[in-house]
Amino acid sequence: NQASATPMDVTPPRPVHLLHATIVTPNKEVLLEWNKSASWDTKGYNIWKRDGLSGVFSLLGSTADTFYKESGPEISASHCYFIEPFDYCNNKGEWSNAGCIIIIKGSTAPGRNNISWNEYKEWTHGAAYYNVYRNTDSTG
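The opening residue of the sequence shown carries number 1488 in the numbering used here; numbering runs sequentially from there.
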């Protein structure tokens, strides 16, 4: 019977909110963390990456956890990450918000320190300003 092979569940899982996309020292890992989907039948999450240079999307993998660590060569571009929930019937939910990394570069010169970073472009109007803090404690 053809009808019995058709899944009854056609409702995709609710989207998640990507909480963090953090570069882990020494610039060779990105740790992603998100909240659990509110849908009871969520089986797992697909992890998508938009390359910061080419703009090409690629599927990095899947997990049942609410975190994922991408390891690889040194991170030198502002990649963006998205989380796509899926359920046991392979219904796919909407992608999460973008989690884009900011690459900070630093250098020293006599009497000063220089830092620079890429602009965060995922918000409609960009970032109005950036807060930069200096630690004067020599213990780190």
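Note that CB positions come from ideal geometry on N, CA and C, so glycine has one too.
In this structure, the beta-carbon distance from SER1583 to LEU1518 does not fall below 8 Å. Of the other Cβ atoms in all chains shown, fewer than 16 fall within 10 Å of the Cβ of TRP1610; this residue is therefore exposed.
Residues SER1565, ILE1589 and ILE1590 of the same chain have their beta carbon placed closer than 7 Å to that of ASN1605, with the five preceding and five following residues left out of the count. The shortest C-alpha to C-alpha distance from ILE1570 to any of MET1495, GLU1520, PRO1513 and THR1498 is the one to GLU1520.
Burial state of PRO1513 is exposed, judged by a 10 Å Cβ sphere holding fewer than 16 other Cβ atoms. Here ASN1601 carries a strand assignment [DSSP, helix/strand/coil].
In the DSSP annotation of this structure, GLU1609 is not part of any beta strand (DSSP E), being labelled neither H nor E. PRO1572 sits buried, since 16 or more C-beta atoms from the chains shown fall within 10 Å of its C-beta.
Minimum Cα-Cα distance from PRO1560 among the listed residues LYS1515, LEU1547 and ILE1534 corresponds to LYS1515. At a Cβ-Cβ threshold of 8 Å, CYS1587 and ALA1508 count as neighbours. Where TYR1617 is concerned, there is no enclosing beta strand (DSSP E), because DSSP gives it neither an H nor an E. The alpha-carbon of ASN1601 is positioned some 39 Å away from that of TYR1532.
In the structure shown, HIS1507 falls within a strand segment according to DSSP collapsed to helix, strand and coil. Across the set THR1553, LYS1536, SER1541 and PHE1554, the C-alpha of LYS1536 shows the shortest separation from the C-alpha of LEU1547.
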